[in-house]
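Asker:
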Amino acid sequence: MALHATPFQVVYGREPPALTTYNEGVARTLIVDDKLRKRDLFLSEVRDRLLQAQHYSKLQ
Numbered sequence: 009m010a011l012h013a014t015p016f017q018v019v020y021g022r023e024p025p026a027l028t029t030y031n032e033g034v035a036r037t038l039i040v041d042d043k044l045r046k047r048d049l050f051l052s053e054v055r056d057r058l059l060q061a062q063h064y065s066k067l068q
């Protein structure tokens with residue numbers, strides 16, 4: 009029997025918050041701008057790797 013819920017939903021009892029992409033130049037300081045751009049790059053890499061893992065698991 010499947011839970012039909014993500015691990016986040018099981019732990020917190022709600023949908024995970026949406027992470028919106030950062031629009032460059034919106035932050036008031038350069039360091040915040042840099043951190044938010046790096047966060048977006050990191051999240052993009054995580055998504056790509058998760059998709060690769062899902063694809064690989066389907067081939068098994």
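Per our numbering: the sequence shown ends with 68, consecutive numbering throughout. Ideal Cβ placement from N, Cα and C applies to all residues, glycine included. The model shown is predicted, which means the values in this text are computed figures rather than measured ones.
Determine the DSSP secondary structure at residue 25, reduced to helix, strand or coil.
Answerer: Along the sequence shown, one-based indexing puts residue 25 at 17. Three-state DSSP puts residue 25 in coil, outside helix and strand.
Asker: DSSP three-state call for residue 61: helix, strand or coil?
Answerer: Position 53 of the sequence shown, counted from the start, is the residue given in the question as residue 61. If DSSP states are grouped into helix, strand and coil, residue 61 belongs with the helices.
Asker: Between the C-alpha atoms of residue 26 and residue 58, what's the straight-line distance to the nearest angstrom?
Answerer: Residue mapping note: residue 26 aligns to position 18 of the sequence shown, counting from 1. Residue mapping note: residue 58 aligns to position 50 of the sequence shown, counting from 1. Cα to Cα, the separation comes out at about 17 Å.
Asker: Does the segment 44-63 come close enough to the segment 18-35 to have 3 or more Cβ pairs within less than 8 Å?
Answerer: Enough Cβ pairs lie closer than 8 Å, so yes.
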